[in-house]
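*Asks:* Whatever position you read off the sequence shown (first residue = 1), add 80 for our numbering. Where is the CB? At the ideal position from N, CA and C, for every residue including glycine. Remember, predicted model here, so these are calculated numbers, not experimental data.
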Amino acid sequence: EYLSDKAAILSVNDIRRKLYDHVLHVPMSFFGQRGTSDITSRLTQESQTLQDGFKTVLGQSIQAPINVVFLMSLAMLASWQLTLFILAFVPPAYIVIRKFGKKMRRASRQALQNSAEMLGQVEGSLIGIRVVKANDAERFERRRYRDIMLGLISQQKRMSRIDAANSPVMESLNLVAVSAVVLFAVYLVHVARTMEASTVFLVMACLVGMGESLRKLGKLNNVLQKANSAAARIFEALDTPLERDRVRDRGLRRLAPISRDIRFEAVSFTYPGATSPAIDGVSLEVRRGECVAVVGRNGSGKSTLLAMLPRFYDPQTGRITIDDVDIRGVTLRSLRAQIGLVTQDAVIFPGTIAQNIAYGNPRASRAQIEAAARQAFAHEFILEKPQGYDTQVGEHGATLSGGQKQRICIARAILRDTPILILDEATSQIDAESEHLIQQAIDTLMHQRTTFVIAHRFSTILSADRIVVLERGRIEGEGRHQDLLQTCDLYRQLYERQLAAG
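#1: May I ask you to report which of helix, strand or coil DSSP gives R326?
#2: Looking at the secondary structure, which residues open and close the alpha helix (DSSP H) in which T616 lies?
#3: Can you give me the Cβ contacts of R416 inside the same chain, cut-off strictly under 6 Å, excluding the 5 residues immediately before and after it?
#4: State the Cα-Cα distance for the pair R334 and T423, rounded to the nearest angstrom.
#5: Any idea what DSSP makes of V374, helix, strand or coil?
#6: Beta-carbon within less than 6 Å of D227's beta-carbon, same chain only, minus the 5 sequence neighbours each way: which residues are those?
#7: Assuming A346 is part of the beta strand (DSSP E), what are its boundary residues?
#8: Have a look at the DSSP bridge pairing and note the partners of Q472.
#9: Smallest Cα separation from F180: which of K306, R529 and N436?
#10: May I ask you to report which of helix, strand or coil DSSP gives N81?
#11: Assuming I359 contacts G553 under a Cβ cut-off of 8 Å, what Cβ separation, rounded to an integer in Å, is found between them?
#12: Taking the alpha carbon of E505 as the point to measure from, which residue in T498, T129 and C489 has its own alpha carbon closest?
#13: Select from G468, L570, R546 and L385 the residue whose C-alpha is nearest the C-alpha of E345.
#14: Going straight from the alpha carbon of P395 to that of Q472, what length do you get?
#15: Judging by CA-CA distance, which residue of Q235, P321, A285 and A88 is the nearest neighbour of S153?
#16: Within the continuous beta strand (DSSP E) that includes L421, where are the two ends?
#17: Keeping to the same chain, check which residues put their C-beta closer than 7 Å to that of V249; ignore five residues upstream and five downstream.
#18: In whole angstroms, what is the alpha-carbon distance linking V327 and V410?
#19: Should M275 be labelled buried (16 or more other beta-carbon atoms within 10 Å of its own) or exposed?
#20: At what residue ranges does the segment 176 to 256 contain a whole run of the alpha helix (DSSP H), taking only runs of 4 or more?
#21: Please classify Y571 as buried or exposed, where buried requires at least 16 neighbouring CB atoms within 10 angstroms.
#22: Are the beta-carbon atoms of R313 and R122 separated by less than 8 Å?
#23: For the beta strand (DSSP E) that I402 lies in, which residues bound it at each end?
#24: My understanding is that L495 touches A447, with C-beta atoms under 8 Å, so please give their C-beta distance in whole angstroms.
#25: Leaving out the 5 sequence neighbours to the left and right, which residues in its chain are closer than 7 Å to A196 when beta-carbon positions are compared?
#26: How is S380 classed by DSSP in three states: helix, strand or coil?
#27: Can you tell me whether V149 is buried or exposed, with buried defined as 16 or more other CB within 10 angstroms of its CB?
#28: Given a threshold of 16 other Cβ atoms within 10 Å of its Cβ, counted over all protein chains shown, does G376 qualify as buried or as exposed?
#29: Which residues mark the beginning and the end of the beta strand (DSSP E) in which G133 is found?
#30: Quick check on the DSSP output: the alpha helix (DSSP H) that includes G361 runs from which residue to which?
#31: Give the C-beta separation of T397 and S348 to the nearest angstrom, bearing in mind that I take them to be a contact with Cβ-Cβ under 8 Å.
#32: Look up R554 in the DSSP assignment and give the residues it is bridged to.
#33: What's the gap between the Cα of V202 and the Cα of L192?
#34: Quick one: does Q305 have its CB under 8 Å from some CB of chain B?
#35: On the DSSP bridge list, what partners appear for F392?
#36: Looking at the ligand FAD, does it come within less than 7 Å of L501, judged from the CB to the closest heavy atom?
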């Protein structure tokens, strides 16, 4: 039993590590379709169910069939006529076991899906607990959780009914088989007189042993069907094509540091299930060291366009080149090593403040980390923390304010020191007091790099070398601020609307 458990634990641990590594390298579209809670469920609950199945396979599934074969052979030696009569009841037993197994597999798969939905509900409500409380939505969240749990309980009860019904059905089948065998044995002993009574008792003892083993196999099949459902969901994720599958192709080359320009050549992209393209035939040339701001209404395609540069998504038509090299023909590692990214949502990982700043450059020294923090105007508030740079940030940076988290992310980008920089609403979470200082740090950072800026605040893009206006995935205008005010109606509307709001 210990060896079976050890083998199951180690096997599932290998599968979990492989699945986690695989998930880290699947395309971004996978997360949009599945959601993080679904992946979490596969890494935890489905893996545990699979581990239970492994234990059963390595234990009872080996022992029970051996017992059946041994007892069947012994019964055959004692009386082949009576044994063949017994074998007539094997097909009905197989049909019953298979029918219960199919029902268990369907119920188990649905229960696992409901469980993943439940994890998503818990994760979403707890991460947004402030919003829940501020909107007095505890009752709504409780009802939504209850509805999800009712579906899960229904499937769990169905699995329990199937599991509970398995034993009496198999016992009834065994009772019918034993009764029929006894009657046939009486005929062979007292009527046909072709068998001794002692032989009958030996065959009956074998029959009882086989019945017990078959009963265990019936229970075993239910466990295996649960594990089968879990394995199907795990391997469904493992079968998802990797974004790096082409990186291993020896025909790919390493991308040299940018020396001339970046070009978007008639690029188009449509999200799965969408009725209209997010990016529609965009052509754009950006020179090395140039700062380009991308503006537009919500949903105009700003983030999608720049997400294609580090190949989070690949254009369905057209291409993106760096120094005339198609980025689909280079390794992802060499491409992304040239790109720094600061997103609107400040992403903070478990660990210390220093570890978060050095996330993109883990070999950086403490002096380099502190220098990056100073440039991002984060050094002062970090020193005010209990352990300074060694302060644990808590889950999702719970011990930090929104502005502090964003400054740490900016320090992370500064320390990474990439020749291409993407700022996606990087100052949206910065408080008014430090916005001016942060903008100075960003301006210094941008002038040393080829920079793309996505921003709704016009104060953050007025110093850009060029402003590109997007509308419904197309470029509506391009140029400097003053020029666009004269030539682009959409840009003027956006600017005047923000000016009026200010």
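*Replies:* Well, looking at it:
#1: In this prediction, R326 scores a pLDDT of 49, lower than 50, which makes its location untrustworthy; no coordinate-derived value is stated.
#2: It is not possible to answer for residue 616, since the shown part of the chain is limited to 81 through 582.
#3: P390
#4: 26 Å
#5: strand
#6: none
#7: In the DSSP assignment, A346 falls within the unbroken beta strand (DSSP E) covering D341 to F349.
#8: Assignment of beta-bridge partners to Q472 by DSSP yields T432.
#9: K306
#10: Per the sequence shown, residue 81 should be read as Glu rather than Asn. Note: E81 maps to coil in three-state DSSP.
#11: I359 to G553, Cβ: 5 Å. Contact.
#12: C489
#13: L385
#14: 40 Å
#15: A285
#16: I419 to V422
#17: V176
#18: Interpretation of V327 is limited by its pLDDT of 45, a score under 50 that renders its predicted location unreliable; the figure taken from the coordinates is listed afterwards. For V327 and V410, the distance between alpha carbons rounds to 8 Å.
#19: buried
#20: 209 to 214
#21: buried
#22: yes
#23: T397 to I402
#24: Not really, about 11 Å apart at Cβ, beyond 8 Å.
#25: S117, D118 and S121
#26: In the displayed model, S380 falls within coil according to three-state DSSP, outside both helix and strand.
#27: exposed
#28: buried
#29: Careful: G133 lies outside any beta strand (DSSP E), inside the alpha helix (DSSP H) at S127 to L138.
#30: That residue, G361, is in no alpha helix (DSSP H); its beta strand (DSSP E) goes I359 to R367.
#31: Yes, T397 and S348 are in contact; Cβ-Cβ is about 4 Å, under 8 Å.
#32: Looking at the DSSP output, R554 shares a beta bridge with E551.
#33: 15 Å
#34: Although the question refers to chain B, the structure presented lacks it and comprises just one protein chain.
#35: Paired residues: none, contrary to the question.
#36: Only the bare structure without any ligand can be found here, which leaves the ligand FAD out of the picture.
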